[in-house]
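J.:
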Amino acid sequence: MDKKIAIFSDIHGNVSALQAVLDDIDRDPQIEHIYCLGDLIGIGYETNEVLDLLRSRKDISYVMGNHDEAILDVISGRDIYSRGAEREHHKWLAARLDPKFISFLQEIPTSLQTNYNEKELLCVHYHLQEPKKFLTVDKEPTEQKLDEFYHSSTADIVCFGHHHVIHHFKTKNRLYLNPGALGCNHKPYAPYAILIIAENGATNVSFREVPYDNETFLLGYKKYNVPDADYILKVFHGNQHLNL
26 MDKKIAIFSD
36 IHGNVSALQA
46 VLDDIDRDPQ
56 IEHIYCLGDL
66 IGIGYETNEV
76 LDLLRSRKDI
86 SYVMGNHDEA
96 ILDVISGRDI
106 YSRGAEREHH
116 KWLAARLDPK
126 FISFLQEIPT
136 SLQTNYNEKE
146 LLCVHYHLQE
156 PKKFLTVDKE
166 PTEQKLDEFY
176 HSSTADIVCF
186 GHHHVIHHFK
196 TKNRLYLNPG
206 ALGCNHKPYA
216 PYAILIIAEN
226 GATNVSFREV
236 PYDNETFLLG
246 YKKYNVPDAD
256 YILKVFHGNQ
266 HLNL
């Protein structure tokens with residue numbers, strides 16, 4: 026029997042984008058499970074709203090993202106990777122995280138593996154140099170570089186996020202898939218991917234962009250005095266707020 030799953034990544038505290046994608050997924054009864062590839066929170070400010078929506082579902086599996094980890098590190102008093110304005114942003118978000126979500130975040134694994142129709146699926150937020158250390162983003166990925174990094178992996182399909190653009194590489198060894206950033210886009214669209222693994226092991230990938238109203242979300246960065254708002258609105262949202 027064919028297996029159909031949805032994959033999204035990098036929600037980044039944007040609950041309206043998340044809701045739009047979940048509504049789109051729910052319109053397809055053949056989708057049997059959802060995989061979220063990390064960075065549930067961070068950058069966007071709707072931390073508790075996103076976590077409340079995610080935790081209300083029983084059909085999503087998660088892996089830990091760097092922003093999720095950074096905010097947990099702040100709460101635990103550990104040193105965090107971020108510096109300067111990004112560190113202040115993480116501290117601001119951590120101070121506003123409802124404590125009831127801490128255990129939920131702490132239980133998220135760094136990677137997960139599962140199997141559909143004899144195809145092994147590996148989910149990570151990004152390529153792991155060691156159990157909890159992500160590689161620096163490769164802005165010019167190639168099939169050859171990905172195969173070299175995963176040469177010892179038994180996975181047939183590797184799903185990752187972190188780099189906010191779509192990746193779709195197919196080599197003789199495996200399929201590599203990045204669905205793009207659900208919550209950070211220069212247009213009012215929220216992307217995700219659908220993966221079908223046929224009974225005979227053949228794979229089919231489709232990418233969707235779900236339109237949604239992002240006006241309230243974008244204007245909220247200034248309304249709530251989110252640290253580093255100007256930088257975030259420019260780099261992660263393409264200054265769309267200037268046209269509202």
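Per this note's numbering, the very first residue in the sequence shown carries number 26; after that it's consecutive.
Where a beta carbon is used, it is the ideal one built from N, C-alpha and C, also for glycine.
1. To which residues does DSSP link Phe194 through a beta bridge?
2. Curious, which full-length alpha helix (DSSP H) runs of at least 4 residues does the region 88 to 155 contain?
3. Does the distance from the C-beta atom of Ala218 to that of Asn142 stay below 8 Å?
4. Leaving out five residues before and five after Ser269 in sequence, what residues of the same chain have Cβ atoms less than 7 Å from its Cβ?
5. Under 8 Å between the Cβ atoms of Phe126 and Leu76?
6. Does the distance from the CB of Ile100 to the CB of Leu118 come in under 8 Å?
7. Going by Cα to Cα distance, which pick from Asp93, Glu113, Glu57 is closest to Arg82?
8. For Phe174, tell me which candidate among Val162, Gln154, Val190 has the shortest Cα-Cα distance.
9. So for Ser81, helix, strand or coil by DSSP?
10. Going by other Cβ atoms of all chains shown within 10 Å of its Cβ, with 16 needed for buried, is Asn140 buried or exposed?
11. May I ask which residues mark the beginning and end of the alpha helix (DSSP H) holding Glu57?
12. With contact counted as at least three CB pairs below 8 Å, one residue from each stretch, are the region 27 to 45 and the region 61 to 75 in contact?
13. In the DSSP assignment, find the unbroken beta strand (DSSP E) run with Val162 in it and report its ends.
14. Does the contact criterion of 3 or more C-beta pairs under 8 Å hold for the region 204 to 219 versus the region 181 to 190?
15. Considering only C-alpha positions, which residue in the set Leu258, Val251, Leu267 is nearest to His114?
16. Can you tell me the Cβ-Cβ gap for Asp238 and Pro213, rounded? I've got them flagged as a contact below 8 Å.
17. My output table needs one value for Ser41: the three-state DSSP class, helix, strand or coil.
18. Using the rule of at least 16 other Cβ atoms within 10 Å of the residue's Cβ for burial, across every protein chain shown, is Ala180 buried or exposed?
19. Let's test the definition: count the other Cβ atoms within 10 Å of the Cβ of Val162 and tell me whether it reaches 16, buried, or not, exposed.
20. Do Val149 and Phe194 have their C-beta atoms closer together than 8 Å?
21. What separation, rounded to the nearest whole angstrom, lies between the Cα atoms of Asp172 and Asn229?
22. With 16 other CB atoms within 10 Å as the buried threshold, where does Arg108 fall?
23. Skipping 5 residues on each side, what residues in its chain have a beta carbon closer than 8 Å to that of Gln44?
T.: Reading from the atomic positions:
1. In the DSSP assignment, Phe194 forms a beta bridge with Tyr201.
2. 91 to 101, 109 to 120, 127 to 131
3. No, Cβ-Cβ distance for Ala218 and Asn142 is not below 8 Å.
4. The sequence as given places Leu at residue 269; Ser does not occur at that position. Excluding residues up to 5 positions away in sequence, Glu240, Leu243, Leu244 lie with their Cβ nearer than 7 Å to the Cβ of Leu269 in the same chain.
5. Closer than 8 Å, so yes.
6. no
7. Glu57
8. Gln154
9. When secondary structure is reduced to three states using DSSP, Ser81 falls in the coil class, being assigned neither helix nor strand.
10. exposed
11. Where Glu57 is concerned, there is no enclosing alpha helix (DSSP H), given that its DSSP letter is neither H nor E.
12. The region 27 to 45 is in contact with the region 61 to 75.
13. Bounds of any beta strand (DSSP E) do not take in Val162, whose DSSP letter is neither H nor E.
14. The region 204 to 219 is in contact with the region 181 to 190.
15. Val251
16. 7 Å
17. helix
18. buried
19. exposed
20. no
21. Cα-Cα distance, rounded: 20 Å.
22. exposed
23. Correct list, in chain order: Leu78, Tyr237.
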